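Colleague:
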Amino acid sequence: MTAPELLDTLHATFGFSAFRGVQERVVDRVLAGQSTLAVMPTGAGKSLTYQLPAVMLPGTCVVISPLIALMHDQLRGAEANGIRAASLTSADGEDSRERAIDAFRSGELDLLYVAPERASQPHFRELLSKADVSLFAIDEAHCVSEWGHDFRPDYRLLRPLMDSFADVPRLALTATADAHTRADVLTQLGIPDEGLIVAGFDRPNIRYAIRHRENGPKQLQTLLAEQPGPGIIYAQSRKKVEDLAEKLAAATGRTVLPYHAGLDPRVRQANQAAFVASEDTVMVATVAFGMGIDKPDVRFVAHAGVPKSIEGYYQETGRAGRDGDPALAIMLWAAGDFAQARRFLSDVEPERRAG
């Protein structure tokens, strides 16, 4: 396909007149049938790098994604652009899954979203053998690596599946992968070294600030008074999440909601939905919140303490300002945070060296 034809399809499908960053390099490799690992910053348009080829190539692109919420967000976005897409998740009704399977087998889908747990099952491999697969897209690919900050063992089972369809190219995508993680992802997913594309990580619309934590709740109260719009505050424990949410709501009069894995699932879902729909809600959360959230207008991300890893910090702060407008990332630190981090590293590093 010529460059003008590629741009015509880009404009017709997504309304864009040009690619951003390394998008075109990634798409060119995919269209040429070459497996690729693309490390691109948050907000750089990673999903376009598989959705555009999915429209252009015969067959269906199978997208492996770790969270149902993330899949459904991307599914809605794809359908809004006229892309034929479906998902196979536990949240989909049986009738919906049957329709998706029928459409997949008959070649009526551009995209099929599945979780790694389902993709690794023998019955899914059998389903793939009865359909025309154009591409395997592995989202949040750092989850395949024990060096990554969100390791998911089921991602390790994807290589045998994809090796069964050796002619189908692979596109792995992540926003956060250091050199160790990148090398491991390439190995675990069977992608050649020359398939690595790393974009710059600068987010010029985000202003980063670090402040000594003297009175955390009071400092965050001031932040909420000065910073309008939706925001996320990360705290290190469930108890701190609930305490901060209660104190900040009472002190500021703003809607401040808690989110952590210990909450009733219905409460978590309701709080997440309220945050996504709101133009001013603040979410206080553990790191359990965020990966499945596609909310472009988050105006600030605050850390009430030092994060566990630089990769996690980058991904968490990267949830601010995805619409390109100015945003703030602020971290409050105290000496005790570093002692806690050192204890964490002393537990983890011997295991990594042994591995």
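Here the working numbering is used: the first residue of the sequence shown is 810, the next is one more, and so on.
Even glycine gets a Cβ: it sits at the ideal position worked out from N, Cα and C.
Note that the coordinates shown come from a computational prediction; the quantities given were computed from them, not determined experimentally.
1) Which two residues bound the contiguous alpha helix (DSSP H) that contains P1067?
2) Is the beta carbon of A1094 closer than 7 Å to that of Y1189?
3) Is T869 close to chain D? Criterion is C-beta to C-beta, closer than 7 Å.
4) Flag this pair as touching only if the stretch 839-853 and the stretch 914-925 have three or more C-beta atom pairs under 8 Å; answer yes or no.
5) Hey, out of V923, L936, R979, whose CA is closest to A946's CA?
6) Looking only at DSSP bridge pairs, what is A1018 linked to?
7) Looking at A981 and V994, is the spacing between their C-beta atoms short of 7 Å?
8) Apart from the five residues just before and just after V1050, which ones in its own chain have a Cβ nearer than 8 Å to its Cβ?
9) To which residues of the same chain is R965 closer than 8 Å at the C-beta, ignoring the five residues directly before and after it?
10) At what residues does the beta strand (DSSP E) containing V983 begin and finish?
11) Let me check understanding here. Comparing Cα to Cα, which of I1041, G1009, V864 lies closest to V1085?
12) Could you name each continuous alpha helix (DSSP H) segment of 4 residues or more that falls completely within the stretch 920-995, going from the start of the chain to the end?
13) Could you spell out the range, first to last residue, of the beta strand (DSSP E) harbouring T822?
14) Work out the CA separation of P1116 and I1000 for me, nearest whole Å.
15) What residues in its chain sit with their C-beta under 6 Å from that of T1126, if we drop five residues either side in the sequence?
16) Identify whether V839 lies in helix, strand or coil by the three-state DSSP scheme.
17) Less than 7 Å between the beta carbons of D959 and P925, yes or no?
18) Can T898 and I877 be called in contact, C-beta distance under 7 Å?
19) Three or more C-beta pairs closer than 8 Å, one from the stretch 1013-1027 and one from the stretch 1072-1088: is that the case here?
20) For D882, I'd like the list of residues in its chain whose CB is within less than 6 Å of its CB, leaving aside the five on either flank, ordered along the chain.
21) Quick one: measure Cβ to Cβ for R838 and G1004, integer angstroms, because I've assumed they're closer than 8 Å.
22) By Cβ distance, which residues of its chain are closer than 6 Å to F1098, with the 5 residues on each side in sequence left out?
23) How would you write the range of the beta strand (DSSP E) that A847 sits in, first residue to last?
Modeller: Here's the rundown:
1) Run containing P1067: none in the alpha helix (DSSP H); it sits in the beta strand (DSSP E), 1065-1068.
2) The chain is shown only over 810 to 1164; residue 1189 falls outside these bounds and no answer can be derived.
3) Absence of chain D from the displayed structure is noted, only one protein chain being present.
4) no
5) R979
6) I1139
7) yes
8) A1044, P1067, Y1068, H1069, V1093, A1094, T1095
9) V953, Q997
10) What sits at residue 983 in the sequence shown is Thr, not Val. Start and end: 979-983.
11) I1041
12) 925-928, 931-938, 967-972
13) It is not in any beta strand (DSSP E) - T822 instead sits in the alpha helix (DSSP H) that spans 812-823.
14) 31 Å
15) V1110, A1138
16) helix
17) no
18) yes
19) no
20) D1103
21) 7 Å
22) Y1068
23) 845-848
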